[in-house]
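Structure first, commentary second.
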Amino acid sequence: MSVQQALEENKLYMLDYHDIFMPFLDRINSLDGRKAYGTRTLFFLTAGGTLKPIAIELCLPPMTDDCKRAKRVFTPPADATNIWLWQLAKAHVCSNDAGVHQLINHWHACMEPFIIAAHRQMSAMHPIFKLLKPHMRYTLKINALARQILINGDGVIESGFTPGRYCMEMSSFAYDNLWRLDQEGLPADLIRRGMAVEDASQPHGLRLLIEDYPYATDGLLLWSAIARWCEAYVTAYYPSDEAVQDDYELQSWYTEAVQVGHPDKCDAPWWPRLTTAGDLASVLTTLVWLCSAQHAALNFGQYPLGGYIPNRPPLMRRLVPAESDPEYEHLVADPHRFYLSALPSLTQTTTFMTVIDTLSTHSADEQYLGERPNEEWTADPAALAAAREFAAEVRRAEEEIERRNADPARRNRCGAGVLPYELMAPSSGPGITCRGVPNSVTI
Numbered sequence: 001m002s003v004q005q006a007l008e009e010n011k012l013y014m015l016d017y018h019d020i021f022m023p024f025l026d027r028i029n030s031l032d033g034r035k036a037y038g039t040r041t042l043f044f045l046t047a048g049g050t051l052k053p054i055a056i057e058l059c060l061p062p063m064t065d066d067c068k069r070a071k072r073v074f075t076p077p078a079d080a081t082n083i084w085l086w087q088l089a090k091a092h093v094c095s096n097d098a099g100v101h102q103l104i105n106h107w108h109a110c111m112e113p114f115i116i117a118a119h120r121q122m123s124a125m126h127p128i129f130k131l132l133k134p135h136m137r138y139t140l141k142i143n144a145l146a147r148q149i150l151i152n153g154d155g156v157i158e159s160g161f162t163p164g165r166y167c168m169e170m171s172s173f174a175y176d177n178l179w180r181l182d183q184e185g186l187p188a189d190l191i192r193r194g195m196a197v198e199d200a201s202q203p204h205g206l207r208l209l210i211e212d213y214p215y216a217t218d219g220l221l222l223w224s225a226i227a228r229w230c231e232a233y234v235t236a237y238y239p240s241d242e243a244v245q246d247d248y249e250l251q252s253w254y255t256e257a258v259q260v261g262h263p264d265k266c267d268a269p270w271w272p273r274l275t276t277a278g279d280l281a282s283v284l285t286t287l288v289w290l291c292s293a294q295h296a297a298l299n300f301g302q303y304p305l306g307g308y309i310p311n312r313p314p315l316m317r318r319l320v321p322a323e324s325d326p327e328y329e330h331l332v333a334d335p336h337r338f339y340l341s342a343l344p345s346l347t348q349t350t351t352f353m354t355v356i357d358t359l360s361t362h363s364a365d366e367q368y369l370g371e372r373p374n375e376e377w378t379a380d381p382a383a384l385a386a387a388r389e390f391a392a393e394v395r396r397a398e399e400e401i402e403r404r405n406a407d408p409a410r411r412n413r414c415g416a417g418v419l420p421y422e423l424m425a426p427s428s429g430p431g432i433t434c435r436g437v438p439n440s441v442t443i
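Going by the UniProt record's numbering, the sequence shown opens with residue 1, and the numbers climb by one from there.
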């Protein structure tokens, strides 16, 4: 198959962290014990529906004395030495991935303005406040704690990830260049990332390019349930678009969240408007999704999937040596020792494992998607009926996820050596379970 044919048949996919890391690499690589590249990894979609890595590009900023070292490409190995070069290249990709996951994708800060504005501008009796209340639980508290002990200067995050003291600057850079509320919903995100194309004939208005993509397929089950719940709830209280426009508390909430909470972006043309019942349902769907399923998928698999540090190192301490480098001789002489020396130290490893063990743990009082502690939150029969239907749809989604995990045709979630994908399975017991979708960001 030619490259052109592979492109035309949607067989090639790229994991691209080049632009996120490149502006920071000179400063990161000047830090003691920190080394990084901007990485791009090319994958081929096999006939079995799995992705196979076929090339890794490691990039550094151009060097005035040796520009050829600014970019290196690695392919699957054909000999013993290249096996270790390939392993080191993969480790740098995984380190990039761990950093982007924690510093950019797994980020609670963008939801804070909506939570604060809800408490400032809406009565506790307001119907939209009641809808949002379970999805705001504990979030401000956990964010305050994170500022004190996780993202503080020289704290756990700066100590544990390759960017070091530039971690928060990288988060800010990504927020400035990437974050848009109108693209934070699941369908829009899948299309933006090139994992789906618009297709009005499909249930969600899109067609996945990889059929067995567990995050997307399971996520769309929950996204649809949330969307129908928000639409039914909004319809019960806003019989017309004028009712949305004339709701002073509602409009004040959204205005403050945008203009005060996101002041550096408040004039952007992409902000969803809040002039129709459809607008309101869409915004609420996105907010509920971000606080529940999206955060759960990012958070509760951290220890099960990243607790074994060689599998996904958050920090790298060596670059990949070229044959002309003195370090290359050490790699050839003892590749295993060299590889381990490129990973986090034992102290860094155990500290990081302890942190993500805590972050991946469900508390005993967790409230999961579709659950409310009692039905006294409203006396409105229409709202109660919609809430019961939402809970029932969430249970049906969980049953479907269980069926998918038992289907041997789905090779990305079933088979020898393959973990079932349960991060979107709504229910869970306490502890580390690699599953469960809480209503809100609680950890």
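Glycine is no exception: its CB is placed at the ideal position from the N, C-alpha and C atoms.
Problem - DSSP three-state assignment for Y13, whether helix, strand or coil - result: strand
Problem - Element boundaries [beta strand (DSSP E), containing I28] - result: I28 -> not in any beta strand (DSSP E); alpha helix (DSSP H) instead, spanning 25 to 29.
Problem - Check whether V234 and L280 have beta carbons under 9 Å apart - result: yes
Problem - Bridge partner(s) assigned by DSSP for E198 - result: L206
Problem - Buried or exposed by the 16-neighbour rule on C-beta atoms within 10 Å, applied to W223 - result: buried
Exercise for the section: State the beta-bridge partners of V73 as determined by DSSP. Expected result: E57
Handout entry: DSSP state of G164 mapped onto helix, strand, coil
Key = helix
Handout entry: CB contact flag (D212, G431, <9 Å)
Key = no
Exercise for the section: Answer yes or no: do M136 and W253 have a C-beta to C-beta separation smaller than 9 Å? Expected result: no
Exercise for the section: Check whether the Cβ atoms of P62 and A70 sit closer than 9 Å, and answer yes or no. Expected result: yes
Problem - Three-state secondary structure assigned by DSSP to T378 - result: coil
Problem - F24 and P163 closer than 9 Å at C-beta - result: yes
Handout entry: Beta-carbon spacing of A225, P127 below 9 Å
Key = no
Practice task
Return yes when the Cβ of I149 is within less than 9 Å of the Cβ of C167, no when it is not.
Solution key: no
Exercise for the section: Output the boundary residues of the beta strand (DSSP E) element that contains F43. Expected result: 38 to 45
Exercise for the section: Using a threshold of 9 Å, state whether the C-beta atoms of K130 and T347 are closer than that. Expected result: no
Exercise for the section: Report the rounded CA-to-CA distance for A386 versus A392, giving the unit in angstroms. Expected result: 10 Å
Practice task
Pull up the CB-CB distance for R192 and Q183, whole angstroms please, since I reckon it's below 8 Å.
Solution key: 5 Å
Problem - K52, DSSP secondary structure in three states - result: strand
Problem - Which listed residue (A98, T442, E400) has its alpha carbon closest to that of A364 - result: T442
Practice task
Please name the residue in G306, L181, R312, A200 whose C-alpha comes closest to that of L359.
Solution key: G306
Problem - Residue burial classification, G429 (beta-carbon count within 10 angstroms, cutoff 16) - result: exposed
Handout entry: Selection from D97, L140, M195 that minimises the alpha carbon distance to N311
Key = D97
Handout entry: Which of helix, strand or coil DSSP assigns to G219
Key = helix
Problem - DSSP bridge partner residues for H336 (one or two, in chain order) - result: BP columns for H336 are empty, so no partner.
Problem - Per DSSP, the bridge partner or partners of Y368 - result: P438
Problem - DSSP beta-bridge partners of G431 - result: H362
Problem - 9 Å Cβ cutoff met for P420 and V394 - result: no
Problem - Among D79, C110, V355, nearest to G155 - alpha-carbon criterion - result: V355
Practice task
Count the C-beta pairs between the stretch 254 to 266 and the stretch 105 to 123 that are closer than 8 Å, then say yes if the count reaches three, no if not.
Solution key: yes
Practice task
Can you give me the start and stop residues for the alpha helix (DSSP H) that residue 444 sits inside?
Solution key: Any answer about residue 444 is impossible in this case: the structure gives the chain only from 1 up to 443.
Problem - contact_flag[the stretch 329 to 339, the stretch 11 to 30] where n(CB pairs < 8 Å) is 3 or more - result: no
Practice task
Check the C-beta distance from L103 over to F21 and give it rounded, since I have them as a contact under 8 Å.
Solution key: L103 to F21, Cβ: 11 Å. No contact.
Handout entry: Backbone CA spacing between P134 and V288 [nearest angstrom]
Key = 9 Å
Practice task
Please report how far the alpha carbon of H295 lies from the alpha carbon of Y308, in whole angstroms.
Solution key: 21 Å
Exercise for the section: Closer than 7 Å by C-beta to T285: which residues in its own chain qualify, once you throw out the five before and the five after it? Chain order, please. Expected result: G185, I226, A227, C230
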